[in-house]
Structures are given as structure tokens and as C-alpha cells.
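K.L.:
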Amino acid sequence: MNRRTHLKMMAAAAGAAALGGGLVTAAQPSTKMKTVKLPKYTNADFYDKSGKFLPEKAKAAYFDMMKRHGYDMHIEHAKKWATDFWVTDFGLGDFVNVGMGGVFWINSPEHNYFAHEIYLLPGQMIVEHAHVETAKAKPKMESWHVRHGSVYCFGETGGDIPAGVALPKSQEAYITVRRCRRRKRRR
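Going by the numbering used here, the first residue of the sequence shown is number 480, and it counts up by one from there.
(1) For Ser457, which residues does DSSP report across the bridge?
(2) Give me, in chain order, the residues of the same chain whose beta-carbon lies closer than 8 Å to that of Val606; leave out the 5 immediate sequence neighbours on both sides.
(3) If you scan the region 536 to 587 from start to end, which runs of the beta strand (DSSP E) of 3 or more residues do you find wholly inside it?
(4) Compute the beta-carbon to beta-carbon distance between Val630 and Arg662, rounded to the nearest angstrom, for a pair I have assumed lies under 8 Å.
(5) Let me know the secondary structure DSSP gives His595 once reduced to three states.
(6) Can His608 and His548 be called in contact, C-beta distance under 8 Å?
(7) Please state the DSSP three-state secondary structure of Glu612.
(8) Considering only the alpha carbon of each residue, which of Glu596, Tyr526, Thr655, Ala537 lies closest to Thr562?
(9) In chain order, what residues of the same chain have a beta carbon less than 7 Å from the beta carbon of Arg658, not counting five sequence neighbours either side?
(10) In its own chain, which residues sit with a C-beta less than 8 Å from the C-beta of Tyr526, not counting the 5 before and 5 after it?
(11) May I have the straight-line CA-CA distance separating Ser509 from Leu600, to the nearest angstrom?
(12) Starting from Arg662 and walking both ways along the beta strand (DSSP E), at which residues does that stretch end?
(13) May I have the straight-line CA-CA distance separating Lys536 from Phe564, to the nearest angstrom?
(14) Could you give the C-beta distance for Tyr541 and Val566, rounded to a whole number, given that I count them as a contact under 8 Å?
(15) Helix, strand or coil for Glu651 per DSSP?
(16) Would Met488 be called buried (16 or more neighbouring beta carbons within 10 Å of its own) or exposed?
(17) Just to confirm, does Pro588 get its C-beta within under 7 Å of one of the non-hydrogen atoms of the ligand MN?
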């Protein structure tokens with residue numbers, strides 16, 4: 480089997496495991512796992528007095544979380560990444576609830592292959608979105624590998640939203656999917 484065939488099979492398997500468009504929200508760590516104490520952030524920690532998002536503060540929060548969990552990002556290899564580590568508040572001004580950080584390891588539209596590592600602080604969600612075909616690539620399929628804690632993946636399939644899962648007030652008017660599945664770290 481050549482590499483291309485292997486990647487196609489892996490993408491198909493990932494697609495089978497992926498949930499149709501939606502949003503993802505991070506849950507608090509499971510009580511069965513080692514508990515790592517993280518700071519309780521507020522939006523004031525990530526915005527200046529005029530409301531401008533401060534990406535360096537957001538990056539510092541993600542890197543602090545990784546350090547506390549003992550996860551090495553291998554920053555010394557950053558020149559090999561497709562992008563630098565980046566953060567976003569999606570322009571919503573509500574980073575503690577709606578934001579994410581990550582790095583694109585590989586972005587190859589010509590091979591329809593994408594490797595992306597996403598980080599969420601506890602309680603954060605990614606805005607509802609869909610992956611659609613473009614002139615450059617087919618719709619992206621994805622799967623999730625949870626390193627610590629758990630995430631709720633919202634989409635067109637899954638169960639009811641569990642009691643106690645609160646969606647950010649800033650997103651109430653925009654959330655259209657109401658099915659979810661919890662994904663947690665496997666031992």
C-alpha cells in the first residue's frame with residue numbers, strides 16, 4: 480500500500496468518526512483523571528481597556544495549560560510547521576467562552592490532507608461552522624483525539640445536550656445544532 484492510499488484510508492476512517500458540522504466545547508476535566516489546577520480566567524485577562532484582543536495573553540494561557548498537563552509542543556521544531564501557533568476569539572470579544580488556539584502541522588489542499596492541532600481552555604467552544612467544498616479542496620473531514628479532559632462535539636447526530644452543559648450566552652442566537660456527543664480522553 481502506498482502512502483497516498485494509506486492517507487485516503489485514514490481520512491475515510493476519520494470521516495466515519497467525525498461528526499457532521501457543528502461546534503465543539505471543552506468540558507472540565509473528568510474526576511477519574513489526574514486533576515490539573517488551571518487559573519480561572521475572565522475576558523479582562525485577554526483584552527485591553529479598549530476591548531482589543533491580546534493574542535499574546537491568549538497564547539500564554541494555552542502554553543501554561545500545556546505545561547501544567549506535561550504536554551510538550553516541541554516549539555524548537557516550529558519552523559517545520561505549516562503555520563505558527565495561533566489564537567482566535569473569532570472577533571466576538573468573548574475569548575473565555577468562544578475561542579481556540581492551534582497549529583497547522585500540514586495544510587495540503589492538492590492532496591486534500593490537513594493536520595491541525597486545536598486547543599481549548601476549560602469551558603471554551605469553537606463557533607458553529609461547516610466544512611464545505613471549495614474550488615481548491617473537498618470538504619474537510621475531521622476526528623478528535625482528546626489529550627486531557629473532554630469535549631462535547633455538537634452536530635447533526637448524537638444525543639440530547641446533557642444537563643449541566645451550558646452554551647455561551649454570546650452564541651445562543653447562532654447555534655442551530657442541538658445534538659451532541661461527549662469525547663473524552665481514552666486511557
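Quick reminder that beta carbons are idealized off the backbone N, C-alpha and C, glycines included.
P.N.:
Taking the structure as given:
(1) The structure shown does not extend to residue 457, since the chain spans only 480 to 666, so no value can be given for it.
(2) These residues qualify, in order along the chain: Leu502, Phe569, Leu571, Val577, Gln650, Tyr653.
(3) Counting whole runs of 3 or more residues, the region 536 to 587 contains the beta strand (DSSP E) stretches 565 to 567, 579 to 587.
(4) Correct: roughly 5 Å between the Cβ atoms.
(5) His595 falls in the strand class under three-state DSSP.
(6) One thing to note: His608 has its Cβ no nearer than 8 Å to the Cβ of His548.
(7) In the displayed model, Glu612 falls within coil according to three-state DSSP, outside both helix and strand.
(8) The shortest C-alpha to C-alpha distance from Thr562 to any of Glu596, Tyr526, Thr655, Ala537 is the one to Glu596.
(9) When the five nearest sequence neighbours on each side are left out, the beta carbons in the same chain lying within less than 7 Å of the beta carbon of Arg658 are those of Phe633, Gly634, Glu635, Thr636, Gly637, Gly638, in order along the chain.
(10) If we look at Tyr526 and ignore the five residues flanking it on each side, its Cβ neighbours are Phe532, Leu533, Gly572, Phe574.
(11) Any reading at Ser509 needs caution, since the residue's pLDDT is 45, under 50, leaving its predicted position unreliable; the model's value is listed next. Rounded to whole angstroms, Ser509 and Leu600 show a C-alpha spacing of 14 Å.
(12) For Arg662, the enclosing beta strand (DSSP E) has its first and last residue at 658 to 663.
(13) Answer to the nearest angstrom: the Cα atoms are 13 Å apart.
(14) Contact holds; Cβ gap of about 7 Å.
(15) Here Glu651 sits in coil by DSSP.
(16) Here Met488 scores only 32 on pLDDT, less than 50, and its place in the model should not be relied on; the value that follows carries that caveat. Flag for Met488 reads exposed.
(17) Absence of the ligand MN is noted for the structure shown, with no ligands found whatsoever.
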